[in-house]
Structures are given as structure tokens and as C-alpha cells.
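K.L.:
Just dropping this structure here.
Residue numbers (my numbering), protein chains in the order written: chain D, 65 to 338; chain L, 4 to 234; chain Y, 3 to 214; chain W, 241 to 604.
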């Protein structure tokens, strides 16, 4: 049987589609192990004292929210558990909406957390690295007000927060540029604030060199798997865990594709030799 | 004139930024923070530039009835719709020209801008990226063929990591005794990520970093000037 | 009303999702339509955001509230307008002034930051005592890290003929690169599948109510 | 003699037990912080540090339970006098100590010394080699595998009478990769003019478009075929990332170019381009310094310029002295990096961490 390239592709696409859909309908419930880098990020947040002010930066947009939103929710929840106060910022315009959604979800379990006292959304600023640098000098200059137009000085939790140095940790959830790298380069390397964060699985390998002895990054959550690991660490039954089954099946399927591709190539080669 | 003054600008600005990194004394700090603030405003305008050329391009195609002009019209309409919603009623907590539009919020459940964002923009953008799942599967199918040593290395690591990053890896080699834990696939995948992968990424970072340092230096010194475009 | 609009919204989202997926079969009018709508929406989204989060708070509100105190902001505003001159071929050269300032700033900052984070910090992070690891695997890993970094950097050494013995480190360097590419590829599979899962979850849960 | 010794000893003991509180300007900084140090009797229960706001009004800035410690008060104004008060509660008693200091701005961040030295060395090397190259010194650049494909690809396109597609990445002219890409385009255009093969160049930004037209036109003139230059073959598609990719896909499917070149900065679209290009059966060469996208090009293209190879290729083809010199300077930097790592590792093994501490001093 000889199939054209296009037909072959369509078959692959259909099988993949079905293989991802099935486990979503019939969950299996496989478990995962917590990796070192996830634990590192968890420990940073876990050991920060109560009442400290922290930044979670939403540097992504809806296209990558499957991976990053569970991380955001888990980290906010973790910070709330430890009574830390959360500032949300965004280096991507759509990040502001992501932050609002994440707060809304987490607030369902923490109804007594108040905007302005326990968390605030300072909104989006353009400029990437340059802007982060400016935050290191003066946060108020960069964020004259929050996304509800409340002036910086009128936000109770920001009274003692003047610049990045007053922040206990920064977590950037990042799906590209600008993102975690800018935070690390400026906030960590220049101002010495611990930076952790999460990124899509695609960019994780590029960031691993920064999780080094110097702690340029305090751990890193890479992709959906790390998100589900984090959820299990804080004992939260989140969306990431349930999606891992589909993920595993899809991976298995791709391995099958590779095997079939090799068998096919081997045969073609055999035929050519003849 | 048209070229030399911009070159001087770039030089002065670049040198101030460089100096202020090492000099804590005033006024360097102040100049740089002003510069950074300006940068933000100018890039705001620069982003505007892209939007304007998009409108121009689409209107040109529609006016001249170029092939597929109907689709460009749809694009232009969605642009106008989203923009006017945003300007009239604002988004989320931010009020627009007509205030917060409570009446509409009562009917829609949210502001019109947010409605479009949630029900059109978000699904479109997420789905576009998810197409890559299919492409990656077909790329793996046809490209991960046993060939030379180097491409085999690539393929084998890819396979280990693909298995190791899921629950299957945990199950597959979970029975290994304590002494052989290194060969447990998730551990092996983590090992690859942590050491050989980090090493190679570091090498790319260092060499590309040098390339960027070099070209930045050439830009500041005015040796590299192609960013100014042709005359 | 709210309920109806909500259901309508979900159908709208489902329509766009399926339209985009239809590209996998082949390019078709639904896909083209969805794509252009996306282009339009995203451009408007950016524009609205720029207005509300930069132009208003950092420029116009400041100027309106205290004009003389913030008059210096007229300079970047003017430069920004010069930037727009790029739209016309005759006035395009005017945009060189703001471009030069922006590129000069970017060049200065990139020079510093890349030098520090990607060179200095990476070099000192590689200065490790390989024997200091707690396990044999760690010691091997440390050696791989050091050798991989050195040979990898050497692979990018261009101004010397890589022949004979000099070829060896370069060859090892490319092996490390290949391993790293494989690892990245494997990792990315996960990322892309995640997105697909997200979309299918929407279709199956919010739209068709097949899953809870 | 003996009495002096006893005196010193007594002084020493008294120093050990006396309650001590000092405020000193942080050295080598921007004059926005003061270091507070205290050393009290070990009986201390709590320590409260306060800064004077006005007259008798003090603001608490730090609390501690340690009898000996230090604290850095940040966020101050430069060149100002600050008065600090320390309240300590002992088991049965309490004391208040006062200290003052003036914040001073210095002219150098000492902890960035290593950074500055490395920066200067690398920058000087680059400038030095550029100057040397400009004065006519020729530098060798090793063969870059991906470039060999160029001739082959053009030849095949000519044979089949089909066009060549060149995509200069999706970044604007301010990205150095785009500039490198245009240099490669110039070379390619010259060859395609010689072979009389059509060359398509879709652009995402208007500035890239005008620069690309310039480059191609010059190349055609250089090849002696100004008549063969078609401005319309170099065109603007759209600013939108996916719109741009969809446009290129369309061109690949319709025109079926025999050779595709993807050079410059690419993001998520790399795989879409390469996969679509493959399905049309073109020879594909890619080059990018975008580390995340390299695997996809390596997997699905015939040849790939990896990372800095893109810049090297541009220098290799243009033989432009400033690019060659700069590349030689980068190579000097690489050698330096390798040496530093080797020495650093050796020092670490024998237990001397001076070099590493010095280099990473900037991080503290």
C-alpha cells in the first residue's frame, strides 16, 4: 500500500485527535513524580514568611494558558496559604486578563482575601527588560495606578513597597519574550531578588542553565507536568493533573508514529537495494 | 545629516546606559530612568505603527478587489468592532469613554470587549498554536529515522524525554531497584535535561551572547548602521 | 439574556476552534475567515491595551493633571510621532531619530545584560568542582556539563581550520548540541499537546458537555 | 609592658560585652542605603531598629531577636543625615542606643569590577580586530556546512525552472539576525541573477521590505543583470505573525519553489514553515540563533545554520571587514571563556574559589 504524503498526514492528524480526546472523556488517573526543579520553586515560596509582598508576573496570553494558568492558580493559592501578599503584573498585554481570571478562580477558596490588602493587579506595561529595570528603581513610576485606576499610594499593601528590592520573590509565568529571562536578568542579576517561575514546556530546556548554583532562577516549572506536580505539592486538585493522562497517551502515540516511520523507511530502503 | 545625527543619538544614549551600570553617583541614575520612561512611550507609538500599516494594507486589498478581499474585510470589521468596544466601554475594571457600561454588562454578563476576548480572540489564538501538535507529530513520524550517528543521538534523546515526561515513564521502569535508579526513565530524562542539555544550551547562550555583545557594540559605535534602512 | 449570550459565546468559540482545525485537512474559506478575524482582533486588542496601560497613565494623564511638571514628556511624545512618519516614504527618514534612540538604548542594555547573564554568569556557573556531587551520576553529570560547555563553545569557533586533532572537540560539541535538540524537541511535544488538550477540553466540556 | 597587655585584654573583653550600635553608609553604592550593625549582651531578647522621621517620631524598620546582627536600610535619599535608634529588651532591663550616618553616593559599584573588566576586554578585542580588518588584514573563517547547499539548491531550481523562496525571519530590522539574514540574501540574489532564477522574498515589516529590495537590486546590478530584477517579487505580506506564515504557506503551495531558505529570527512558526515546505518537496535550508526553534529546523530541514553560524555565514559571504573583524573578536571572547572555565574548574578542584567568587561577585 502506498499513500501520498498528504494522505499520510491526514491519517496521523486524525489518530492524534482521537487519541487525545479519548482519555479526556475516560480519565485513567496515572500519577507523576515531583521533579527537583518544581520542588525548588515550591520551597522558595513555602519558606517565605507571612506578610511579605511578592510579584507574580503574567507574561503570557491565552494561547499558552493550558500550561501556565494552572501554575498561576497554584502559585497564588500557595502564596495565599502562606499569607503572603500578591502583586500581579504583566509584560504581555493579555496577561492582565489572565491574572484576573486566576484571582477569580483562587478567590473561590479564599473568599476573605481582599483586593488592595492581600492582592492587587497592577496591569500591563510595555518595554520588557527596560521596564523591569525601571521597576528596580521605582515601582510607582512604572505603575502610577493599578488596573482599577486606584493610585499606587492608595493601595494599602504597597505602602512599604518602593522598588523591586522590597519584594520577597518574583515568579514570572512566561511564554516568550519578554518574560522570565528579563525578570531574571534584571530583578535577580541586578537587584538580587529571588526569581522563580514557570514556562511552557517548549522553552524550559533553554532556561535550565539558569537553575544553577548561583540560583539565577529558583527552580522552574516546565509545562503541564510541572504544573500538575506543583498542584500535588500544595494538595490542590487542579486541572493540570486531570490532563496529564491525555498527555501521556499522546506521547505514547508519537512514539508509535516514530516506530512506524522507521519501519516504513527500512522497507523503502530494502526495496531500493533490490 | 539624515544619518549622522541619528548615529550620534544612538552613541550618546548607548554610552549613558553603559556608564550608569557602573556608576552609582547622580545624575546617571536619573538620566537612565528618564530614558527608560521615554522608551516605553516611544515603543507605544511604534506598536501603533504596525496597526496602521495593517489597516492600510487591508483597505488597499479591499478597494482594489484583490483576491480574497472579503476575508480582509472581515478582518477590518473585527478590528473596528474590538477597537470601538474597547474605547467606548473599556475593559474589565477600566472604564471607557461612555463609562463602565453597566447596562450592557447586565445583558452580556461582561463588557463587550471582554466578551469578544473570551469567546473569539482566546479560542482563535489557542487553537492556532495547538495546530503545532499535529505538525510535531508528523515531523516526528517522517524525520526521526535511524540514519547517521548524530541524527540518532537526536532521536534517542527525544524519545527518552518524550517517555520520561509522562506517567508512562514512571510505570515503565518504576520496578528498577534502588541501585539502578539512574536508569529510571524520568530520572534519565531529568539527567539529560540537567547536564548535557544545559551544557549545549550554555554553549549556544555564550556564543550567541558574544554575537549580540558584538553587534550591540557596533551599533553604539555607529559601525553597524543597517537598522537605519536604505535611503 | 446573560444565559443566552453565554451560550452564544460558546458556540462562537466552538465555530472558530473548528474553523482553525479545518486547516489540517486543507486550506479553506472557513480557515481564511477565522484567520483574518484573528488578525483584526489581535491588532485591536494591542491597540486598546497600549491606550489604557501606556498612553493614558504614563503620558496623557500625567500631562493633563500637571502639565508644567511633566512638560518634559512632550519630548518622547514628539519622538513617538516622528516614529509614525515611517508610514510615508518621503518622511520615513524622520523616524530614524526615535529609532536611533530606541536602538541605542536597547543596544546598551542588551550589551550589559547579555554580557552578564549569558556570559559572565554562565561561565562562573560552569566553574564547579565536578567531584563535589553527592552521587556518581552527579559527578558524571558535572563532567558532562563542563566538557559539553567547552566543546560546544569551541564548535562555534570560526576563525581556525578545524582539522585533525582540532576536529575532535568540535565533533563532541555537535554531539552535545544534538542531544540538546532532541531533548528540546521531546519537551516541546509536551507543550504542543498541552494546547491541543486545552482546546479539546473546551470542545468536549464547555460546548458538547460530554465531560464534566 | 605587662600592664599594657592587661589593658588591651581588658579593653578587648569590654568590647565583647559592651553594647555596640553603629550606622555606616554602604560603601560603593548609589547612596540609597545605610548598614546598621549591633552587638549587644547575649541576654538580649528582642531588638527593634528605628529611623527618625521627625523630632521624636521614629519609624520601626526592623525587628530581630538576635543579640548580634546587621541590617541594611534601603530606599533612602542620597547625601542625607539619618538618625537611627536601637531599642533592646534584655531579660530584666532595656536600653536605647543611637547612631547616625550620612548616605553617600560613590562613583563605582565595586562588586561589578569583574563584569566591567570582562566587558572591556571583550569590547576592546572586538574593536581591535575590526580596526585590523579594516586596514586590510584578512581573517580565515572555516567552512560552514549549511552554505554548501546554496549552490546545490540554486542549481536544482534552475534545472526545474522553479523559483527560490527566501524568508528573512519575522523580526524587524532592529534584530541583528534580520541584518545577518539580509547579507545572506544579497549573496543568494547574486547567484540567482546569474542563473536567471526567480527569487521570492516575503517580508513582515515595511522597513525590512525596503532594505530587502535595496539589497536584491544591488545584487542584480552587481551580477550585471539589472534588467532581470523584479521589485514585485519582494513584497510585504502582513504584520501579523500567523497571517504572515499563512501567506508564505500559500506561496509554497501555489508556486512550489524548488528551494526554501528560512534565515533570521523565527518563533513558533518555524515548524509550520518547514513542514509545509517539505510537503512541496523543496530543498530547505534554515538558519536562526533562536535556540528554542533550532530543533525543528534541524529535524525538518536539509541544512541548518546553528546559532552563531548564522552571523558567521553572513560574515563569510560578505567578506565585509567589520563583520569579519567582529567575528574574530567574538572568537577571542570564546577562547577567553574556555580558558576561564578551565582555570575555574581546576581552581575549584584544588579548593581555591577566588576566581569564581571574583567573577560572580556582581551577583551578590
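Glycine residues also receive a C-beta, built at the ideal position from the N, C-alpha and C atoms. Remember, it's a predicted structure, so these values are computed and weren't measured experimentally.
1) Cutting at 6 Å between CB atoms, please list the residues of its own chain near residue 426 of chain W, excluding the five before and the five after it.
2) Can you pull the chain D residues whose beta carbon is under 7 Å from the beta carbon of residue 531 of chain W, in chain order?
3) For the region 52-64 of chain L and the region 87-102 of chain L, state whether three or more C-beta atom pairs, one from each stretch, are separated by less than 8 Å.
4) Taking 7 Å as the cut-off, is the beta-carbon of residue 98 of chain D closer than that to any non-hydrogen atom of the ligand MN?
5) Give a yes or no on whether the minimum CB-CB distance between residue 275 of chain W and chain D is below 8 Å.
6) Grouping DSSP H, G and I as helix and E and B as strand, with all else coil, what is residue 207 of chain D?
7) Taking 8 Å as the threshold (C-beta atoms), are residue 197 of chain D and residue 250 of chain D in contact?
8) Does any CB atom of chain D fall closer than 8 Å to the CB of residue 160 of chain L?
9) Give me the chain Y residues within the contact set of residue 196 of chain L, using Cβ-Cβ distance strictly less than 7 Å, ordered along the chain.
10) Could you pull the DSSP bridge partners for residue 327 of chain W from this structure?
11) In chain L, which residues lie less than 8 Å from residue 318 of chain W when you measure between Cβ atoms?
12) For residue 20 of chain L, which residues of its own chain have a beta-carbon under 8 Å away from its beta-carbon, when the five flanking residues on both sides are left out?
13) Under three-state DSSP, which class holds residue 516 of chain W?
14) The alpha helix (DSSP H) spanning residue 363 of chain W covers which residue range?
15) By the three-class DSSP mapping on this structure, what secondary structure does residue 543 of chain W have?
16) Figure out for me which residue from D/329, D/180, D/306 has the closest Cα to the Cα of residue 223 of chain D.
17) Are there 16 or more other CB atoms within 10 angstroms of the CB of residue 123 of chain Y, so buried, or fewer, so exposed?
18) Between residue 444 of chain W and residue 493 of chain W, how many whole angstroms is the CB-CB distance? I'm expecting something under 8 Å.
19) Find out if the Cβ-Cβ distance for the pair residue 244 of chain D, residue 138 of chain D is shorter than 8 Å.
20) Measure the beta-carbon distance from residue 418 of chain W to residue 504 of chain W and round it to whole angstroms, keeping in mind my assumption that it falls under 8 Å.
21) Leaving aside the five residues before and after residue 291 of chain W along the sequence, list all residues of the same chain whose C-beta is less than 7 Å from its C-beta, in chain order.
22) Taking 8 Å as the threshold (C-beta atoms), are residue 127 of chain D and residue 155 of chain D in contact?
23) Give the DSSP bridge partners of residue 97 of chain L, in chain order.
24) Can you round the beta-carbon distance between residue 396 of chain W and residue 499 of chain W to whole angstroms, since I take them to be within the 8 Å contact cut?
25) Where does residue 526 of chain W fall in DSSP's three states?
26) Under 8 Å Cβ to Cβ from residue 201 of chain D, same chain only, skipping five residues before and after it: list those, please.
27) Less than 8 Å between the beta carbons of residue 174 of chain Y and residue 151 of chain Y, yes or no?
28) What separation, rounded to the nearest whole angstrom, lies between the Cα atoms of residue 587 of chain W and residue 131 of chain Y?
29) Determine the burial state of residue 92 of chain Y: buried for a count of at least 16 other Cβ atoms within 10 Å of its Cβ, exposed for fewer.
30) Measuring straight from C-alpha to C-alpha, what distance separates residue 136 of chain D and residue 7 of chain Y?
31) Taking any Cβ of chain L, which residues in the region 118-134 of chain D have a Cβ under 9 Å from it, in chain order?
32) Please list the partners that residue 92 of chain Y has in chain L, where partner means a Cβ-to-Cβ separation under 7 Å.
33) Residue 398 of chain W: which of W/371, W/436, W/369, W/482 sits nearest, CA to CA?
34) With a CB to CB cut of under 6 Å and the five nearest residues on each side skipped, what residues in its chain are close to residue 277 of chain W?
35) Return the chain-ordered list of same chain residues with a C-beta closer than 8 Å to the C-beta of residue 171 of chain Y, the five sequence neighbours on each side being excluded.
36) Would DSSP call residue 604 of chain W helix, strand or coil?
P.N.:
So, to answer that:
1) Cβ neighbours of residue 426 of chain W beyond the five flanking positions: 455, 459.
2) Neighbours of residue 531 of chain W on chain D, chain order: 270.
3) Cβ pair count under 8 Å is below three, so no.
4) Summarising the ligand content, the structure contains no ligands, and the ligand MN is consequently not present.
5) Not closer than 8 Å to any Cβ of chain D, the Cβ of residue 275 of chain W fails to qualify, so no.
6) Coil, per DSSP.
7) Yes; because the gap between Cβ atoms is below 8 Å, this pair is in contact.
8) Not closer than 8 Å to any Cβ of chain D, the Cβ of residue 160 of chain L fails to qualify, so no.
9) Per Cβ cutoff of 7 Å: 185.
10) Residue pairing for residue 327 of chain W: DSSP places it in a beta bridge opposite W/288, W/336.
11) The answer, in chain order, is 29.
12) Same-chain partners within the cutoff: 35, 38.
13) Three-state result, residue 516 of chain W: helix.
14) Counting along the chain, the unbroken alpha helix (DSSP H) around residue 363 of chain W starts and ends at 353-374.
15) DSSP places residue 543 of chain W within a strand segment (E or B) once states are collapsed to three.
16) The residue with the shortest Cα to Cα distance from residue 223 of chain D is D/180.
17) So residue 123 of chain Y counts as buried.
18) Under the criterion of beta carbons closer than 8 Å, residue 444 of chain W and residue 493 of chain W do not qualify as touching, at roughly 19 Å.
19) No.
20) That belief holds up - the Cβ atoms of residue 418 of chain W and residue 504 of chain W are roughly 5 Å apart, short of 8 Å.
21) Sequence-distant Cβ neighbours of residue 291 of chain W in its own chain, meaning closer than 7 Å and more than five residues away, are 298, 299, 301, 313, 322, 324.
22) No, they are not a contact pair.
23) Paired residue(s): L/94.
24) The distance from the Cβ of residue 396 of chain W to that of residue 499 of chain W is about 6 Å, consistent with a contact at the 8 Å cut-off.
25) If DSSP states are grouped into helix, strand and coil, residue 526 of chain W belongs with the strands.
26) Excluding positions up to five away in sequence, the list reads 227.
27) It is not a contact, given that the beta carbons lie outside the stated cut-off.
28) If I take the Cα positions, the gap works out to 8 Å.
29) Note on residue 92 of chain Y: under 16 other CB atoms within 10 angstroms of its CB, so exposed under the neighbour-count rule.
30) Near 28 Å, if we compare the C-alpha coordinates of residue 7 of chain Y and residue 136 of chain D.
31) Hits within the stretch, in order: 125, 126, 127, 128, 129, 130.
32) None at all; the shortest Cβ gap to chain L is about 12 Å.
33) That would be W/436, whose Cα lies nearest to the Cα of residue 398 of chain W.
34) Result list for residue 277 of chain W: 262, 310, in chain order.
35) Contacts found: 152, 153, 156, 157.
36) Because residue 604 of chain W carries a pLDDT of 39, less than 50, the predicted location of this residue cannot be relied on, and the following value inherits that uncertainty. Coil at residue 604 of chain W, not helix or strand.
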